[in-house]
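Residue numbers (this note's numbering): 808 to 1041. Here the structure is laid out as structure tokens; the discussion comes afterwards.
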Amino acid sequence: MHAFLDQAFVLHTMPYRESSAIVRLFSAQYGLMSGVVRGVYQHNRKAQQLRSALQLGSHLECQWQGEGSLKNIIQCDLIAHAKINDSRQLVCLSYINELLLHFLPAEQKAEALYFAYPKLLASIAFDDDAELSLRRFEQLLFEEMGCAIDMLWDHANDKAVDERKQYCVSPEHGVVANDGFSQGLILKGRQLQLLADNDFTCLETRRLAKRVHRLIIDHHLAGRTLRARALYKQ
């Protein structure tokens, strides 16, 4: 059977049967993939090394076999651990991993996101304005997945946004002129132009983006919840 070899980041692990684990990985060439790692919870040195390697955010070199949705991961070699030092950083990492698990299609290459991911990890680890990095990564995720909102076009009237008017923003309809009946987030044209610039160093833009991004995320979750949000509240 042909074996595949690639580098990947660990997004999630869960116990499987007696001593194995199901691992969700973000792979450089194959995008989001899932596989079984055997012997993870045995009582020997190799199992200890596997458990250490399979921490959230770890960068691995993996080899796997199989053509189905659940691969057989036959080797995991640690390249580097994520430098996560406290619970707040862990919540940030869990949050972004959950987004990738919900938004990424299985086994589809997502090169821009893959190379942005370690930069986000570094920002979270070294507290280099992690919120700024989170908003940037969310925006990149939406753009790569085709669900970003065009902030400069009024889809109801098929014309450019006017900075003097108010608009309703929703994931279903995009930006439409506020007629008093539309449902969504009401923003001024000037605010939409700020969002279109993607300058998240601007505090106002960052706050607006947080509200808009939450709309997009909740829409695509379709009633499902993000565990990291509950952890953040705690």
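From the three backbone atoms N, C-alpha and C, an ideal C-beta is built for every residue, glycine too.
Cβ pair residue i, residue j closer than 7 Å
i: Ala937; j: Asp961; result: no
i: Val844; j: Ala854; result: no
i: Val817; j: Leu861; result: yes
i: Leu863; j: Leu900; result: yes
i: Ala835; j: Tyr921; result: yes
i: Tyr823; j: Glu914; result: no
i: Arg1013; j: Arg942; result: yes
i: Cys883; j: Leu907; result: no
i: Ser826; j: Gln849; result: yes
i: Ser940; j: Leu928; result: no
i: Glu950; j: Ala917; result: no
In DSSP terms, what residue i is bridged to
i: Ala984; result: Tyr974
i: Met840; result: Leu832
i: Lys995; result: Gln973
i: Ser827; result: Tyr823
i: Ile880; result: Val844, Trp871
i: Leu812; result: Gln870
i: Lys966; result: Asp961
Closest Cα partner of residue i within the set the options
i: Ala919; options: Leu948, Ile931, Asn892, Ile891; result: Leu948
i: Gln946; options: Ala932, Phe910, Glu874, Ala835; result: Phe910
i: Val968; options: Glu979, Tyr837, Lys995; result: Lys995
i: Ala1003; options: Ala923, Tyr921, Glu970, Glu905; result: Glu970
i: Gly875; options: Ala932, His809, Leu927; result: His809
i: Gly873; options: Gly842, Met952, Thr1008, Glu979; result: Gly842
i: Ala1037; options: Glu905, Arg852, Ser865; result: Glu905
i: Ala963; options: Glu950, Thr1008, Val982; result: Val982
i: Leu840; options: Asn851, Cys869, Arg852, Ser859; result: In the sequence as displayed, the identity of residue 840 is Met instead of Leu. The shortest C-alpha separation from Met840 is found at Cys869.
i: Lys890; options: Leu959, Asp986, Ser930; result: Ser930
i: Gly953; options: Leu1001, Pro978, Ala932; result: Pro978
i: Ala932; options: Asp1025, Cys1009, Gln896; result: Gln896
i: Ala887; options: Ser865, Leu877, Asn879; result: Ser865
i: Leu877; options: Val830, Arg852, Asn851, Pro912; result: Val830
Residue i to residue j span [Cα, whole Å]
i: Lys966; j: Val976; result: 15 Å
i: Phe811; j: Arg1034; result: 32 Å
i: Asp893; j: Arg997; result: 38 Å
i: Phe988; j: Tyr974; result: 11 Å
i: Leu885; j: Gln814; result: 10 Å
i: Ile903; j: Arg1031; result: 15 Å
i: Arg1018; j: Asp934; result: 22 Å
i: Leu1015; j: Phe944; result: 15 Å
i: Phe833; j: Leu999; result: 32 Å
i: Phe1007; j: Asp957; result: 17 Å
i: Leu992; j: Ile1023; result: 11 Å
i: Gln1028; j: Gln990; result: Inspection of the sequence shows that residue 1028 is occupied by Leu rather than by Gln. Rounded to the nearest angstrom, the two C-alpha atoms are 18 Å apart.
i: Leu1001; j: Asp1025; result: 22 Å
i: Trp871; j: His980; result: 42 Å
i: Leu1010; j: Ile881; result: 47 Å
i: Asn851; j: His819; result: 23 Å
i: Ser859; j: Pro912; result: 27 Å
i: Asn1005; j: Leu959; result: 12 Å
i: Ala955; j: Asp986; result: 23 Å
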